[in-house]
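For what it's worth, the numbering used here labels the leading residue of the sequence shown as 358, then goes sequentially.
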Amino acid sequence: MQRVCFLLKVKPDRLEEYRERHRNVWPEMLEALSGTGWRNYSLFLRDDGLLVGYLETDDFEAARSAMAETDVDARWQAEMAPFFEGADRGFLLLDEVFHLD
358 MQRVCFLLKV
368 KPDRLEEYRE
378 RHRNVWPEML
388 EALSGTGWRN
398 YSLFLRDDGL
408 LVGYLETDDF
418 EAARSAMAET
428 DVDARWQAEM
438 APFFEGADRG
448 FLLLDEVFHL
458 D
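So this is what it looks like as structure tokens:
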């Protein structure tokens, strides 16, 4: 199992709307995440827009690829893209340096 942690930056003027969108994630998006191997997935948002994501999966690249092939992911990503800062708006993956079971 892989534990994956990533960073993104939400635009400060979009923080509340971003929070609201995640209080009401589409049921088909939740099903797609589960169905493509995203488990124990959490997002944490700081008041300055720093977003930390965490998930567990058997194979992160396979899970990302499988999600990218779903229609719901394309629709969700298109709606979420304007919320993020940065030219590529992609995940900045972090290296795990310690884990306590």
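Using N, Cα and C, we set each Cβ at its ideal position, and we do this for glycine too.
Environment of residue i [buried if 16+ CB atoms lie within 10 Å]
i      : result
Met424 : buried
Leu412 : buried
Ala431 : exposed
Leu390 : buried
Ala435 : exposed
Beta-carbon contacts of residue i that lie in its chain and below 8 angstroms, excluding the five residues immediately before and after
i      : result
Phe401 : Leu408, Val409, Gly410, Tyr411
Three-state secondary structure (DSSP) of residue i
i      : result
Glu413 : strand
Phe440 : helix
Val429 : helix
Leu457 : coil
Arg403 : coil
Close beta carbons around residue i, own chain, < 7 angstroms, minus the five adjacent residues each side
i      : result
Phe363 : Gly410, Phe448, Leu449, Leu450, Leu451
Phe440 : Val367, Lys368, Arg371, Tyr375
Beta-carbon proximity list for residue i, same chain, < 6 angstroms, skipping 5 on both sides
i      : result
Trp383 : none
Leu365 : Leu408, Phe441
Residue range of the unbroken alpha helix (DSSP H) whose run includes residue i
i      : result
Arg376 : 372-380
Span of the beta strand (DSSP E), counted from its first residue to its last, around residue i
i      : result
Val361 : 359-366
Q: Examine the Cβ distances between the stretch 415-424 and the stretch 368-380 and report whether three or more of them are shorter than 8 angstroms.
A: no
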